[in-house]
Every structure is written in C-alpha cells, then in structure tokens.
Amino acid sequence: MIKHKNIFQKVTIALLFSISIFAQKQARIVEDFNKNWNFKLGDYPEAVNANYNVSDWRILQLPHDWSIEGTFDKDSKTKQAQGFLPAGKGWYRKVFTIPASWKSKTISIEFDGVFKNSEVFINGKSLGIRPNGYISFSYDLSPYLNYGQANTIAVKVDNDAQPNSRWYTGSGIYRNVRLVTSEKLHVGKWGTFVTTPEVSTKQSKVHLEVTIDNDNDTAREFTLVTSILDAKNKEVANKISTEKIEAKTFETKVHNLDVLETQLWNTENPYLYKVITKIYEKSVLVDNYETALGFRFFNFDSEKGFSLNGKPTKILGVCLHHDNGALGSVENIHAVRRKLTLMKEMGANAIRMSHNPHSLEMMQLCDEMGFIVQDEAFDVWKKKKVTNDYHKDWDAWHKQDLVDFIKRDRNHPSVMMWSIGNEIREQFDSTGIAITRELAKIVKSLDATRPVTSALTENIIEKNFIYQSGALDLLGFNYKHEDYKDFPERFKGQKILASESVSALETRGHYDFPDGIKAWPTKHGAAFDGNADWTVSAYDQVKSYWGATHEENWKTIKKQDFMAGTFIWTGFDYIGEPDPYPYPARSSYFGIVDLAGLPKDVYYMYQSEWSNKTVLHIFPHWNWKKDQEVDVWAYYNNADEVELFLNGKSLGIKSKQNDDLHISWKVKFEPGMLKAISRKNGKVVLEKEIHTAGEASKIDLKADKTIIKNDTYDLVYVTVSTVDIDGNLLPNATDLINFEVTGGGKLVGVDNGYQANLDSFKANSCKLFSGKCIAIIQSNGKKENIQLKASTGNLQATIIEVKVK
Ligand code: GAL
1 MIKHKNIFQK VTIALLFSIS IFAQKQARIV EDFNKNWNFK LGDYPEAVNA NYNVSDWRIL
61 QLPHDWSIEG TFDKDSKTKQ AQGFLPAGKG WYRKVFTIPA SWKSKTISIE FDGVFKNSEV
121 FINGKSLGIR PNGYISFSYD LSPYLNYGQA NTIAVKVDND AQPNSRWYTG SGIYRNVRLV
181 TSEKLHVGKW GTFVTTPEVS TKQSKVHLEV TIDNDNDTAR EFTLVTSILD AKNKEVANKI
241 STEKIEAKTF ETKVHNLDVL ETQLWNTENP YLYKVITKIY EKSVLVDNYE TALGFRFFNF
301 DSEKGFSLNG KPTKILGVCL HHDNGALGSV ENIHAVRRKL TLMKEMGANA IRMSHNPHSL
361 EMMQLCDEMG FIVQDEAFDV WKKKKVTNDY HKDWDAWHKQ DLVDFIKRDR NHPSVMMWSI
421 GNEIREQFDS TGIAITRELA KIVKSLDATR PVTSALTENI IEKNFIYQSG ALDLLGFNYK
481 HEDYKDFPER FKGQKILASE SVSALETRGH YDFPDGIKAW PTKHGAAFDG NADWTVSAYD
541 QVKSYWGATH EENWKTIKKQ DFMAGTFIWT GFDYIGEPDP YPYPARSSYF GIVDLAGLPK
601 DVYYMYQSEW SNKTVLHIFP HWNWKKDQEV DVWAYYNNAD EVELFLNGKS LGIKSKQNDD
661 LHISWKVKFE PGMLKAISRK NGKVVLEKEI HTAGEASKID LKADKTIIKN DTYDLVYVTV
721 STVDIDGNLL PNATDLINFE VTGGGKLVGV DNGYQANLDS FKANSCKLFS GKCIAIIQSN
781 GKKENIQLKA STGNLQATII EVKVK
C-alpha cells in the first residue's frame, strides 16, 4: 500500500516538474542586501526622507560595527563591559529599486541582528523598533515600496545608553541583511518546524509543520510538496498534498514522512539531510524553501549523564561570546568557521551560546561541524545586571523575543537545550518562580523536544527560586565544582550539567615562576596583586575566586558520571570583562585561546584529554636568563612516560600519577635545545624540541588559506612572527610590524592577543606580543591575487601571496 503511494507521488512530482519548466515563475529570491549602505555616526532623523543629502556619509558594506573602529578611552561610558570602546548613535541608509513587475509579490527585509534599539524606515514610514540587539527580525516592505522606482530604507541605531549588556556587543548592523522576495502565497517567516518523532538507522519518522502565508485578496488552492534529500541531494522521501487557504491569512499544514536507512547526525559525523518545501499553484512553482534536518536522539539522565544516539557522551563544551576579536561583532562565516575549527581540533563537542542569541552562521556551522548546542535566550530578566540592560525592555519584549528566538533556531539538529537565562537575579527572589514557569511554558509551546534549562549559581535549594519553580528539565550550575559531589543527594533525581565552569586566567606566552595556584583577592574589586604589565601567567595557575583552574575543574567533572558535561568559560578571550585588571586591560583573560585566535598552552591540556589526537606539548619557550630556574610543563597522552633532555642530557623520565593532567620539571636554564620524547611500551610516540632563539633574521608569515574567493567576504588570517636564522620563533619579540596589502584584498583587522593592547584593531600595523600577532585580510571583490607585505626595522620585508578565485 505504502509502496504504491510512493510510486504515485513520484509520478506526480515528475509531472509537476515537467509542467514547471514551461510555467515557472521565479520562486523565492533571497538577495544579499549588505552592499552599498551609507552610514554616519550621530542622529539624523531627517535621513528617512528620499531627498536627504548623504554625500558626506560613508559608503560601506554590512555587517558593520562602529565601536570596533573607535579608540579605547578610560572614561568611555561603555566601561569595561564593552572594553572601553565607544558606542552612541548611528544611521544607515540605502537607496534601491524594485522592478515594476514585482508589485504582485511579497518583499521583506531580514536583519540577523542590529545592536541595538533599531528603528527601520522605508520611504519615510517607520516599520517598527527592535530594542533587543541580539534578536533576528524582519519587516514586510511590500505595502510601502515604489515599484519600478527608487526606494529609501533608513535604519536608526541607538546604542547610547551604556553599559547595556555583558559582554562586548559592538554597535550597528553587525549581522547580515537580506531582501527576500516571494509570491504572495509562500512559506511564512521561520515557517517550517521539523521534528523526528522516531529515529533509528533502519527507519525514521519526520513530522513537518509548514506555516503558509496567503497575502492574496482571494482564497487559494495549492499543492504542497515535501521532499527530503540526503547529503548527496538524492531524494529519500516525499509527500504531496492538495491544500486550501483563505485570503489574507496563514495556516499550518502537516506532512509526515518516513526515511529508510537513516544516517544519524552525531558530533563526529554530522550528517545532514535537507527538507525541501515547494508550493505549486496550478502546477506553477510559487515557493521553494529549504530546512536543514539531522536525525539524532539524545537523553539526559540523572545518574548516567548525557547520551547521544544511545551512546554515553560527555558534553565537552565551551562558552562562546559573540564577538570575532579584531573584527568586533561583525559577523562573518569565515571568522566563525575558524573559531569552531579551533574548538573542534581541541576536542570540544559542544558550544554554549552565552548569553544571548548568536548569528545564523554560528547555528548553521554548529549543525555542519557537529557541535551540541546550548542555545541561550537571556542574561537578564526583570532585574538588572548593568544599568541600561535588557531589564528595561523585559515587560514589553520578552515574550516576542523568546518566541522569535525559538522559532528561528528550533530546526537546528545541533540545538539540544534551551537556556532561558544565565545567572538570572530572580533566582534569589520569589518572583523567579512565576517568570521561570512562564518562560518554560512559552518554550514548550513552540518546541517540546528539547529540555529547558537555566544556568544557576545558587545551589542551596531554599534560596533558589528558579529551581523551586519546578519548571526546569535540566539544572545548569555555574562554578562551585567542589559542591558537585553533593548534587545527586541534594537534587535527587535531577539531570545536571555544569553550564559554566573554570574562569581561570592566562595571557598567551607569558610565564611567571614559580608555578603554583594563585587565586585573585577574595574581595572582588580590590587591587589585584598581579603583574605591572597587566599580564597573567600562562601556566594554568591563576583562577577567579569563584572558579577553578582548568585542571581542577576537569578532574572533578571527569569523575562525576551523573554530570552531563561542562561548558568552560571561555573558548576564546572576548572584548570586555578584563577582570581583575582595570583599564588599560580591555579584554578578558578567560579564554583557552586568545583574542587573536592563538591558542594558550592549556589548549593542549584539553586536546590531550578531549580529542583523539596524540599530543605532546611542552612549554614555556626557551629564552631565559642563564641559570634561571624554569618550570617546564608537558601535556601528553597515548604514552606511558615523557623524558626531557636539555642539550642532549636527560633530565629524567616522568609520567602522570593518579589523576594528574600534566607533568613538570624544574630546570636550570642554559641556552640550547629542550627536547621531550613521549613513549609507550618503550616505543617513541612523539618528539618535541624547543630551541633558544638567536637574533631576528626575518619576518615569518603563515596564512591559514592559500586561496580565497573574490566575494568581498572571504577572509584569510595570517600569523606573523620573527624568526632567527634557523627558523626559531623569537618568543619575546615586540617589534612593530607594518602591513601593506595590494591586489584583491584589504586589511580588516590586526591583533596580538595582549589584553591591555590599546592600539586600534583597525591599524595598519601591530606590535608582536609574546612573539606573535595576526593580520586579517578580506577579499575586496577584485579578482587579483593578494600580496601582504610585512616590514619592521632593519629586517627585510616579507611578502606572501594569497590566490583569489
Ligand atoms: C559568570 C558569568 C559570565 C562571566 C563569568 C566570568 O558568572 O556568567 O558572564 O562574567 O562569570 O567568570
């Protein structure tokens, strides 16, 4: 019976396709709407008018963040939350034409994120405001457009009231903008919801809800076609139905499908299918909409922790903040891919989108690259954390923002938890009970397939009103790793996750001796007895008073089976929260990787524990004062022992005891070569050498790509250092490197990862810090190869070429 139906459906589809060759209207058109905007800092309400003169406004391509272009200022009202960069108000404006023939269509503009308080005007008419800078939104432009003539769109952005979020937000239209044109009968905004009620490698069930908008003045009859394609675009299931919809309304239609021999999505092999939704009116294709689909099932268990597709899996996660280092909050898929690749290679399998909705690109790449996602909606509810934060908009906007957040993200197979808040103040206030219940109810009404969680700090039950609401499916706890062991007793039968942990501090490449754990002063805000140059030692030895070192935390989590996993604060340093240092420190110290994307040493501790790569990492560098006693640490795995040699002389064999995560030696420095050999059953596994570097002889440039696209978006990250005649990196070099870019690219950011560097991220030069810096080059649209020339002092300039296709 089913078989016959499938054959019938296939024949019908073939018929539809053959008809549509002759009668195809252009279905949905999604246009990049980022180019050719005018921009000016300040407030220009008159700019909504068509005849307003913008000749002195900048012309730029979105996404754009004006804060990152500014200078650091101790007295900036953004304070440390925004890294002392400026905020303020700004206007964007664009003139565009729409073909006269499009009068019969629905045309909308989609903004992935505008920070913040945006108001959008089309041809002088306000379309609405959106206070929340993290949320994606769109407007229907159709009723207000001049068809066949010029149209003016103006966007006011007001990020003046500060501080207003944690952490760096950036200012402006910092995510992508698209123009979407469809026929008046079309799939609605975020109009599909796909779930997989049954998943197995033999046969899985797909339940698809499609919300159809009919903007026509008349009722319509149409054919709804669902087709599921595998990763090779081969159709594996389809469904056709004949439907009706009244005029000027929307309706949800349902298709249920079976997929045989299902490939499962998991973190090693994130296999993705596509659901293609097509609408035909009288055999003419009028809309075509794609939704990603992944088959996976997961479970949180109060005793056994987390499992994915039935396999026990520890959530090995990092919290990520939404900035892209030197690019500020400008969203760029290549920058996101670089971040996620670094995390994947470290062995992370999960990302917490702290503490607010991230970009579409981030969500899409987590699906494609295989990360388990904790998607987080809010950092504050009604009670504030900083003076001008979202608490001011809570009453008017939280319902809509939460609905939009869930609707946008609920089709991502990577998303496995909805977090309704981070360290929300209402956990200490009885109002927290009602709000938690309200938010959980909204989430469940839109998606009952994933648990609702919240990142809590208070683990005394009587004091935690968010917990007391009884509305959380999964308890997230931030920090206090010493208490974990009591949780099964204290929170009987509850599913538990360390939603945030560690908050240890490091500056890449800076080492203080002797090693040994140092917490900062217990009184928050007291002067930190830190280093005069605002560095923090890169041994995993300095932690916040509420946190733990990386090793302390991981040792604890590793042993607790009931604990679903952990999200380390943070994968990368981010702009803002330079705690415990005051200005001039302007970015955080908590990252496993620095702001420039250069790993700190502890990255390799995680790699040795979390990934299946074979690791031997020794540090520090080998340029010290004669006879200085140096702590040498090694992270390693897949070996029984490591032997250390200085200039060929053995300094002894060591191996990790009990739950050790590193080994160390105290070594009296003499110049030359430090070498480590790891062995298993007497056989060499890996060898690592570090040489004392001599005089600088040249600038070394390493690009992460040899070829980029000429699409005005693609990026190449170049790591810059100076090396001696034998190619050894000078670990303490601080040379100012000047950059010149010619051909098909432009310099869009520089950084050296030093948390107190007050030079602009947009400068044409950058000082090396701990021997390194990066230059970020972006395609300028020309189809010419790019040359990057780096020069300093007396050294000969080095030039590298990147191909452009
Ligand atoms: C947490 C908070 C984060 C960040 C972190 C620093 O309590 O959720 O946003 O401030 O501390 O350790």
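With the first letter of the sequence shown counted as 1, position 797 gets the number 797 in full-length UniProt numbering; the numbers rise by one all the way through.
Idealized CB from N, CA, C, for every residue including glycine.
Predicted, not measured: the structure shown is a model, and the values here were computed from it.
- A heavy atom of the ligand GAL is found nearer than 8 angstroms to the CB of residue 544.
- Per DSSP, residue 772 lies in no alpha helix (DSSP H) segment; the continuous beta strand (DSSP E) that holds it begins and ends at 772–779.
- When 239, 513, 747, 427 are compared, the shortest CA-CA separation from residue 667 is found for 513.
- In this structure, the C-beta of residue 404 stays at least 8 angstroms away from each heavy atom of the ligand GAL.
- Between the stretch 114–127 and the stretch 188–201 there are fewer than three inter-stretch CB-CB distances shorter than 8 angstroms, so the stretches are not counted as touching.
- When distances are taken from the beta-carbon of residue 549 to the heavy atoms of the ligand GAL, even the shortest one reaches 8 angstroms or more.
- For residue 210 and residue 253, the gap between their C-alpha atoms comes out near 5 angstroms.
- Taking every protein chain shown into account, the CB of residue 634 has 16 or more other CB atoms within 10 angstroms, so this residue is buried.
- DSSP, read as helix, strand or coil, puts residue 178 in strand.
- For the ligand GAL, a non-hydrogen atom lies closer than 8 angstroms to the CB of residue 590.
- In this structure, residue 588 and residue 578 form a Cβ contact; the two beta carbons are roughly 6 angstroms apart against a cut-off of 8 angstroms.
- One thing to note: residue 352 has its Cβ no nearer than 9 angstroms to the Cβ of residue 328.
- Secondary structure within the stretch 629–667: the beta strand (DSSP E) runs of 3 or more consecutive residues, fully enclosed, are 629–636, 641–646, 649–654 (chain order).
- The closest heavy atom of the ligand GAL lies less than 8 angstroms from the beta carbon of residue 355.
- With a cutoff of 8 angstroms, residue 503 counts as near the ligand GAL, since its C-beta is closer than that to a heavy atom of the ligand.
- For residue 426, the distance from the CB to the nearest heavy atom of the ligand GAL is not below 8 angstroms.
- Excluding the 5 residues flanking it on each side, residue 547 has same chain C-beta neighbours closer than 8 angstroms at 479, 501, 502, 503, 504, 553, 569, in chain order.
- For residue 486, the secondary structure class from DSSP, reduced to helix, strand or coil, is helix.
- For residue 80, the three-state secondary structure derived from DSSP is helix.
- Residue 752 counts as buried, since no fewer than 16 other beta carbons sit within 10 angstroms of its beta carbon.
- Short of 8 angstroms from the beta carbon of residue 106, and not among the five residues preceding or following it, lie these beta carbons of its own chain, in chain order: 140, 142, 181, 182, 183, 184, 186, 213, 215.
- Per DSSP, residue 509 lies in no beta strand (DSSP E) and is assigned neither H nor E.
- Straight across, the Cα-Cα distance linking residue 414 with residue 313 is about 14 angstroms.
- At the C-beta level, residue 114 and residue 155 come within 9 angstroms of one another.
- Nearest to residue 357 by alpha-carbon distance, out of 134, 745, 280, 88, is 134.
- Look at the beta carbons and you see the stretch 377–390 not touching the stretch 292–301: under three pairs across the two are nearer than 8 angstroms.
- Counting other Cβ atoms within 10 Å of its Cβ, residue 461 stays below 16 and is therefore classed as exposed.
- Residue 662 has its alpha-carbon roughly 25 angstroms from the corresponding atom of residue 625.
- A direct Cα-to-Cα measurement between residue 692 and residue 619 gives close to 12 angstroms.
- Counting along the chain, residue 787 sits inside the beta strand (DSSP E) bounded by residues 786–792.
- Distance check between residue 260 and each of 283, 205, 280 places 205 closest, using alpha-carbon atoms only.
- Per the DSSP secondary-structure output, residue 740 pairs in a beta bridge with 789.
- If you look at residue 610, you'll find it in the alpha helix (DSSP H) that goes 602–610.
- Exposure of residue 545 is indicated by the presence of fewer than 16 other C-beta atoms within 10 angstroms of its C-beta.
- Its chain contains 693, 696, 722, 771 as the residues whose beta carbon lies nearer than 6 angstroms to that of residue 730, once the 5 sequence neighbours on both sides are disregarded; these appear in chain order.
- For residue 479, the shortest C-beta to heavy atom distance toward the ligand GAL is below 8 angstroms.
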